[in-house]
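Chemist:
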Amino acid sequence: MSPSGMPSVDLLGEQIDSVLADPATTHGLARILRAAAKEIALHRYHHASRRAWPNGRIDDKPLKIQIGGGAHRIDGFFNIDLVPPADLLWDIREGIPLQDESTDEIFSEHFLEHIDYPRSAKHYVREAHRVLVPSGRIITGVPDAAFALSQYPGPLDATDETIERWYAKRNCRGDINTRLDLVNLVFRDQDDDPTYTPHLWAYDHEKLVQLFTEAGFTTVAPWTFDPAMANPKRRWGSVYVVAMK
1 MSPSGMPSVD LLGEQIDSVL ADPATTHGLA RILRAAAKEI ALHRYHHASR RAWPNGRIDD
61 KPLKIQIGGG AHRIDGFFNI DLVPPADLLW DIREGIPLQD ESTDEIFSEH FLEHIDYPRS
121 AKHYVREAHR VLVPSGRIIT GVPDAAFALS QYPGPLDATD ETIERWYAKR NCRGDINTRL
181 DLVNLVFRDQ DDDPTYTPHL WAYDHEKLVQ LFTEAGFTTV APWTFDPAMA NPKRRWGSVY
241 VVAMK
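Here it is, written out as C-alpha coordinates:
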(Lines of atoms letter the chains of each structure in order from A and count residues from 1; the text may use other names and numbers.)
(Lines give C-alpha, C1' and ligand atoms only; values in the text may rest on other atoms or scores of the structure.)
Protein backbone atom coordinates (compact mmCIF):
# COMPACT_ATOMS: atom_id res chain seq x y z
CA MET A 1 0.00 0.00 0.00
CA SER A 2 1.10 3.59 -0.63
CA PRO A 3 1.27 6.17 2.20
CA SER A 4 -2.17 7.41 1.12
CA GLY A 5 -3.65 3.95 1.65
CA MET A 6 -4.15 3.36 -2.06
CA PRO A 7 -2.78 0.25 -3.79
CA SER A 8 0.82 0.77 -4.90
CA VAL A 9 1.69 1.26 -8.55
CA ASP A 10 3.85 -1.88 -8.41
CA LEU A 11 0.92 -3.94 -7.17
CA LEU A 12 -1.34 -2.44 -9.80
CA GLY A 13 1.20 -3.32 -12.49
CA GLU A 14 1.34 -6.92 -11.28
CA GLN A 15 -2.44 -7.15 -11.32
CA ILE A 16 -2.58 -5.78 -14.85
CA ASP A 17 0.03 -8.29 -16.03
CA SER A 18 -2.00 -11.09 -14.46
CA VAL A 19 -5.24 -10.05 -16.15
CA LEU A 20 -3.51 -9.59 -19.51
CA ALA A 21 -2.07 -13.11 -19.25
CA ASP A 22 -5.56 -14.57 -18.81
CA PRO A 23 -6.84 -15.81 -22.21
CA ALA A 24 -10.40 -15.08 -21.07
CA THR A 25 -9.69 -11.33 -20.89
CA THR A 26 -11.73 -9.54 -23.54
CA HIS A 27 -10.13 -7.41 -26.25
CA GLY A 28 -11.73 -4.24 -24.90
CA LEU A 29 -10.41 -4.73 -21.38
CA ALA A 30 -6.98 -5.85 -22.61
CA ARG A 31 -6.71 -2.77 -24.80
CA ILE A 32 -7.37 -0.44 -21.87
CA LEU A 33 -5.02 -2.36 -19.58
CA ARG A 34 -2.17 -2.22 -22.08
CA ALA A 35 -2.60 1.57 -22.17
CA ALA A 36 -2.60 1.64 -18.36
CA ALA A 37 0.58 -0.46 -18.28
CA LYS A 38 2.31 2.10 -20.52
CA GLU A 39 1.20 4.91 -18.21
CA ILE A 40 2.54 3.02 -15.20
CA ALA A 41 5.96 2.83 -16.87
CA LEU A 42 5.86 6.59 -17.52
CA HIS A 43 4.73 7.20 -13.95
CA ARG A 44 7.77 5.30 -12.66
CA TYR A 45 10.20 7.28 -14.82
CA HIS A 46 8.64 10.56 -13.73
CA HIS A 47 8.65 9.80 -10.03
CA ALA A 48 12.22 8.52 -10.09
CA SER A 49 13.21 12.03 -11.22
CA ARG A 50 10.67 13.71 -8.96
CA ARG A 51 12.32 12.16 -5.91
CA ALA A 52 15.51 14.04 -6.83
CA TRP A 53 13.62 17.33 -7.26
CA PRO A 54 10.55 17.09 -5.01
CA ASN A 55 9.54 20.70 -5.65
CA GLY A 56 9.29 20.04 -9.38
CA ARG A 57 12.15 22.39 -10.32
CA ILE A 58 15.66 21.32 -11.29
CA ASP A 59 18.65 23.37 -10.14
CA ASP A 60 20.18 23.82 -13.59
CA LYS A 61 19.03 26.60 -15.90
CA PRO A 62 19.66 25.31 -19.43
CA LEU A 63 19.26 28.03 -22.04
CA LYS A 64 17.79 25.77 -24.72
CA ILE A 65 15.24 23.04 -24.07
CA GLN A 66 14.02 20.24 -26.31
CA ILE A 67 10.76 18.60 -25.30
CA GLY A 68 9.99 15.02 -26.29
CA GLY A 69 12.82 14.64 -28.78
CA GLY A 70 13.02 10.86 -28.65
CA ALA A 71 16.00 9.63 -30.63
CA HIS A 72 16.26 12.97 -32.50
CA ARG A 73 18.53 14.94 -30.16
CA ILE A 74 19.51 18.53 -31.00
CA ASP A 75 23.08 19.56 -30.23
CA GLY A 76 23.21 22.19 -27.53
CA PHE A 77 19.68 21.51 -26.25
CA PHE A 78 18.75 19.98 -22.90
CA ASN A 79 16.30 17.20 -23.70
CA ILE A 80 13.33 16.48 -21.45
CA ASP A 81 11.26 13.43 -22.34
CA LEU A 82 8.97 10.82 -20.85
CA VAL A 83 11.19 7.94 -21.91
CA PRO A 84 14.92 7.33 -22.50
CA PRO A 85 17.11 8.59 -24.01
CA ALA A 86 16.84 12.02 -22.39
CA ASP A 87 18.83 14.37 -20.19
CA LEU A 88 15.89 14.35 -17.80
CA LEU A 89 12.98 11.91 -17.61
CA TRP A 90 9.91 13.94 -16.74
CA ASP A 91 6.19 13.87 -17.51
CA ILE A 92 5.63 17.26 -19.11
CA ARG A 93 1.90 16.83 -18.58
CA GLU A 94 2.71 17.54 -14.92
CA GLY A 95 4.60 20.73 -15.74
CA ILE A 96 8.00 21.85 -17.02
CA PRO A 97 10.61 21.31 -14.26
CA LEU A 98 12.38 24.64 -14.69
CA GLN A 99 12.58 27.83 -12.68
CA ASP A 100 10.52 30.86 -13.71
CA GLU A 101 12.01 32.85 -16.61
CA SER A 102 15.07 30.62 -16.81
CA THR A 103 15.37 29.53 -20.45
CA ASP A 104 15.68 31.28 -23.80
CA GLU A 105 14.22 28.74 -26.17
CA ILE A 106 12.00 25.65 -26.24
CA PHE A 107 11.68 23.31 -29.21
CA SER A 108 9.35 20.39 -29.81
CA GLU A 109 8.02 18.59 -32.86
CA HIS A 110 5.40 15.86 -33.11
CA PHE A 111 4.94 15.96 -29.35
CA LEU A 112 1.98 18.24 -28.67
CA GLU A 113 -0.53 16.04 -30.52
CA HIS A 114 0.29 13.14 -28.17
CA ILE A 115 -0.90 14.85 -24.98
CA ASP A 116 -4.53 15.32 -24.03
CA TYR A 117 -6.36 18.53 -24.91
CA PRO A 118 -7.39 20.76 -23.26
CA ARG A 119 -5.98 19.87 -19.82
CA SER A 120 -2.41 18.85 -20.60
CA ALA A 121 -1.91 20.80 -23.83
CA LYS A 122 -2.99 24.11 -22.31
CA HIS A 123 -1.05 23.43 -19.11
CA TYR A 124 2.10 22.71 -21.14
CA VAL A 125 1.79 25.94 -23.12
CA ARG A 126 1.20 27.99 -19.95
CA GLU A 127 4.24 26.33 -18.38
CA ALA A 128 6.33 27.19 -21.44
CA HIS A 129 5.31 30.82 -21.03
CA ARG A 130 6.28 30.69 -17.34
CA VAL A 131 9.79 29.28 -17.83
CA LEU A 132 10.78 31.41 -20.84
CA VAL A 133 12.64 34.66 -20.29
CA PRO A 134 11.02 37.84 -21.64
CA SER A 135 11.37 37.76 -25.45
CA GLY A 136 12.07 34.01 -25.25
CA ARG A 137 10.55 31.76 -27.88
CA ILE A 138 8.96 28.35 -28.28
CA ILE A 139 9.04 26.52 -31.61
CA THR A 140 6.41 23.84 -32.14
CA GLY A 141 5.82 21.44 -35.01
CA VAL A 142 2.87 19.08 -35.37
CA PRO A 143 1.19 17.04 -38.12
CA ASP A 144 -0.79 19.54 -40.20
CA ALA A 145 -4.49 18.71 -39.94
CA ALA A 146 -5.30 21.29 -42.62
CA PHE A 147 -2.99 19.47 -45.02
CA ALA A 148 -4.71 16.15 -44.35
CA LEU A 149 -8.17 17.65 -44.75
CA SER A 150 -7.25 19.50 -47.95
CA GLN A 151 -7.06 16.15 -49.76
CA TYR A 152 -10.48 15.00 -48.54
CA PRO A 153 -12.84 14.03 -50.10
CA GLY A 154 -11.26 12.32 -53.03
CA PRO A 155 -9.98 8.95 -54.21
CA LEU A 156 -6.95 7.36 -52.61
CA ASP A 157 -4.20 6.19 -54.91
CA ALA A 158 -2.15 3.27 -53.61
CA THR A 159 1.01 5.28 -54.33
CA ASP A 160 -0.23 8.38 -52.47
CA GLU A 161 2.75 10.34 -51.17
CA THR A 162 1.29 10.57 -47.68
CA ILE A 163 1.16 6.78 -47.45
CA GLU A 164 4.63 6.36 -48.87
CA ARG A 165 6.21 8.92 -46.54
CA TRP A 166 4.38 8.09 -43.32
CA TYR A 167 2.83 4.65 -43.33
CA ALA A 168 4.37 2.43 -46.03
CA LYS A 169 6.52 0.52 -43.52
CA ARG A 170 3.91 0.26 -40.77
CA ASN A 171 1.80 -2.77 -39.97
CA CYS A 172 -1.32 -0.64 -40.50
CA ARG A 173 -0.58 -0.18 -44.21
CA GLY A 174 -3.14 -2.78 -45.27
CA ASP A 175 -5.89 -0.92 -43.41
CA ILE A 176 -5.40 2.37 -45.26
CA ASN A 177 -8.03 1.90 -47.93
CA THR A 178 -9.72 5.30 -48.29
CA ARG A 179 -8.86 8.96 -47.99
CA LEU A 180 -10.74 9.05 -44.68
CA ASP A 181 -8.43 6.35 -43.31
CA LEU A 182 -5.53 8.73 -43.90
CA VAL A 183 -7.37 11.57 -42.17
CA ASN A 184 -8.04 9.29 -39.21
CA LEU A 185 -4.38 8.32 -38.94
CA VAL A 186 -3.26 11.96 -38.97
CA PHE A 187 -5.87 12.82 -36.33
CA ARG A 188 -5.60 9.66 -34.21
CA ASP A 189 -2.53 7.65 -35.30
CA GLN A 190 -2.31 4.02 -34.21
CA ASP A 191 -4.08 2.91 -31.07
CA ASP A 192 -2.99 -0.03 -28.91
CA ASP A 193 0.34 -0.39 -30.67
CA PRO A 194 3.64 -1.32 -28.98
CA THR A 195 5.63 1.15 -31.09
CA TYR A 196 3.38 4.11 -31.79
CA THR A 197 1.34 6.25 -29.43
CA PRO A 198 -2.02 7.71 -30.42
CA HIS A 199 -2.67 11.32 -31.32
CA LEU A 200 -5.07 12.95 -28.85
CA TRP A 201 -5.75 16.20 -30.71
CA ALA A 202 -5.27 17.62 -34.19
CA TYR A 203 -3.78 21.04 -34.93
CA ASP A 204 -3.46 23.47 -37.79
CA HIS A 205 -1.85 26.91 -37.96
CA GLU A 206 -4.99 28.67 -36.75
CA LYS A 207 -5.34 26.41 -33.71
CA LEU A 208 -1.68 26.81 -32.76
CA VAL A 209 -2.00 30.59 -32.94
CA GLN A 210 -5.08 30.50 -30.72
CA LEU A 211 -3.45 28.12 -28.22
CA PHE A 212 -0.28 30.15 -27.71
CA THR A 213 -2.05 33.51 -27.77
CA GLU A 214 -4.43 32.34 -25.04
CA ALA A 215 -1.42 31.44 -22.89
CA GLY A 216 -0.06 34.99 -23.13
CA PHE A 217 2.44 34.84 -26.00
CA THR A 218 2.66 38.16 -27.82
CA THR A 219 3.21 36.92 -31.37
CA VAL A 220 2.76 33.56 -33.10
CA ALA A 221 4.09 33.20 -36.63
CA PRO A 222 5.07 30.48 -39.12
CA TRP A 223 8.53 29.13 -38.41
CA THR A 224 11.01 28.76 -41.26
CA PHE A 225 12.10 25.13 -41.20
CA ASP A 226 15.69 24.69 -40.05
CA PRO A 227 17.09 21.17 -40.59
CA ALA A 228 19.82 21.90 -38.05
CA MET A 229 17.10 21.76 -35.40
CA ALA A 230 14.08 19.98 -36.80
CA ASN A 231 14.00 16.42 -38.08
CA PRO A 232 14.07 16.57 -41.91
CA LYS A 233 11.76 13.53 -41.99
CA ARG A 234 9.09 15.61 -40.20
CA ARG A 235 9.09 18.55 -42.62
CA TRP A 236 6.62 17.16 -45.14
CA GLY A 237 3.02 17.36 -43.96
CA SER A 238 3.81 19.28 -40.76
CA VAL A 239 3.07 22.82 -39.61
CA TYR A 240 5.53 24.77 -37.46
CA VAL A 241 5.07 28.00 -35.53
CA VAL A 242 7.28 30.16 -33.34
CA ALA A 243 5.64 31.92 -30.40
CA MET A 244 7.37 34.84 -28.69
CA LYS A 245 6.87 35.72 -25.04
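Note that UniProt numbering numbers the sequence shown so that position 74 is 74, with each residue one more than the last.
Beta carbons: idealized from backbone N, C-alpha and C, even for Gly.
Give the single residue among 236, 69, 199, 133 whose Cα lies nearest to the Cα of residue 102.
Modeler: Position 102 of the sequence shown holds residue 102. Checking every option, the nearest Cα to that of residue 102 belongs to 133.
Chemist: List the residues that DSSP assigns as beta-bridge partners of residue 242.
Modeler: As a first step, residue 242 is located in the sequence shown; it is residue number 242 there, counting from the start. 139, 221, per the DSSP bridge assignment.
Chemist: Pull up the CB-CB distance for residue 108 and residue 68, whole angstroms please, since I reckon it's below 8 Å.
Modeler: As a first step, residue 108 must be located in the sequence shown, where it is residue number 108. As a first step, residue 68 must be located in the sequence shown, where it is residue number 68. The Cβ separation is near 5 Å, so the contact holds.
Chemist: Span of the alpha helix (DSSP H) holding residue 213?
Modeler: Sequence index remark: in the sequence shown, residue 213 carries index 213 (1-based). Where residue 213 is concerned, the enclosing alpha helix (DSSP H) stretches over 205-214.
Chemist: Can you list, in chain order, the residues of its chain whose CB lies under 8 Å from that of residue 61, leaving out five sequence neighbours each side?
Modeler: The residue given as residue 61 occupies position 61 in the sequence shown. Around residue 61: 98, 99, 102, 103.
Chemist: Since residue 205 and residue 146 are thought to touch, with beta carbons under 8 Å apart, how far apart are those beta carbons, to the nearest angstrom?
Modeler: As a position in the sequence shown, residue 205 is number 205, starting the count at 1. As a position in the sequence shown, residue 146 is number 146, starting the count at 1. Contact flag correct, Cβ pair sits at about 7 Å.
Chemist: The beta strand (DSSP E) spanning residue 17 covers which residue range?
Modeler: Reading the sequence shown from its first residue, position 17 is the one you call residue 17. Not the beta strand (DSSP E): residue 17 falls in the alpha helix (DSSP H), residues 9-21.
Chemist: Hey, could you find the ends of the alpha helix (DSSP H) residue 187 is sitting in?
Modeler: Taking the sequence shown and counting its residues from 1, the one referred to as residue 187 is at position 187. Run containing residue 187: 179-188, per the alpha helix (DSSP H) assignment.
Chemist: From the DSSP output, which residues share a beta bridge with residue 103?
Modeler: Position 103 of the sequence shown, counting from 1, holds the residue named residue 103. Beta-bridge pairing links residue 103 to 132.
Chemist: Please identify the residue among 8, 59, 75 whose C-alpha is closest to the C-alpha of residue 231.
Modeler: To locate residue 231, count along the sequence shown from 1; it is residue 231. The candidate whose alpha carbon is nearest that of residue 231 is 75.
Chemist: How big is the Cα-Cα spacing for residue 8 and residue 15?
Modeler: Here residue 8 corresponds to residue number 8 of the sequence shown, with the count starting at 1. Here residue 15 corresponds to residue number 15 of the sequence shown, with the count starting at 1. Rounded to the nearest angstrom, the two C-alpha atoms are 11 Å apart.
Chemist: Please classify residue 245 as buried or exposed, where buried requires at least 16 other C-beta atoms within 10 Å of its C-beta.
Modeler: Taking the sequence shown and counting its residues from 1, the one referred to as residue 245 is at position 245. Residue 245 should be labelled buried.
Chemist: Buried or exposed for residue 228, going by 16 or more other Cβ atoms inside 10 Å?
Modeler: For the purposes of this step, residue 228 is taken as the residue at position 228 of the sequence shown. Classification of residue 228: exposed, given that the 10 Å Cβ count is below 16.
Chemist: In this structure, does DSSP put residue 1 in helix, strand or coil?
Modeler: Translated into positions along the sequence shown, residue 1 becomes position 1. Confidence at residue 1 is low in this model, with a pLDDT of 48, below 50, so its placement is unreliable and the value that follows should be read with caution. It is coil, neither helix nor strand.
Chemist: Just the Cα atoms here: how many angstroms apart are residue 123 and residue 85?
Modeler: As a working mapping, residue 123 is identified with position 123 in the sequence shown. As a working mapping, residue 85 is identified with position 85 in the sequence shown. So the alpha carbons of these two residues sit roughly 24 Å apart.
Chemist: Using the C-alpha atoms, what's the distance from residue 13 back to residue 179?
Modeler: Locating residue 179 in the sequence shown gives position 179, where the first residue counts as 1. Locating residue 13 in the sequence shown gives position 13, where the first residue counts as 1. About 39 Å.
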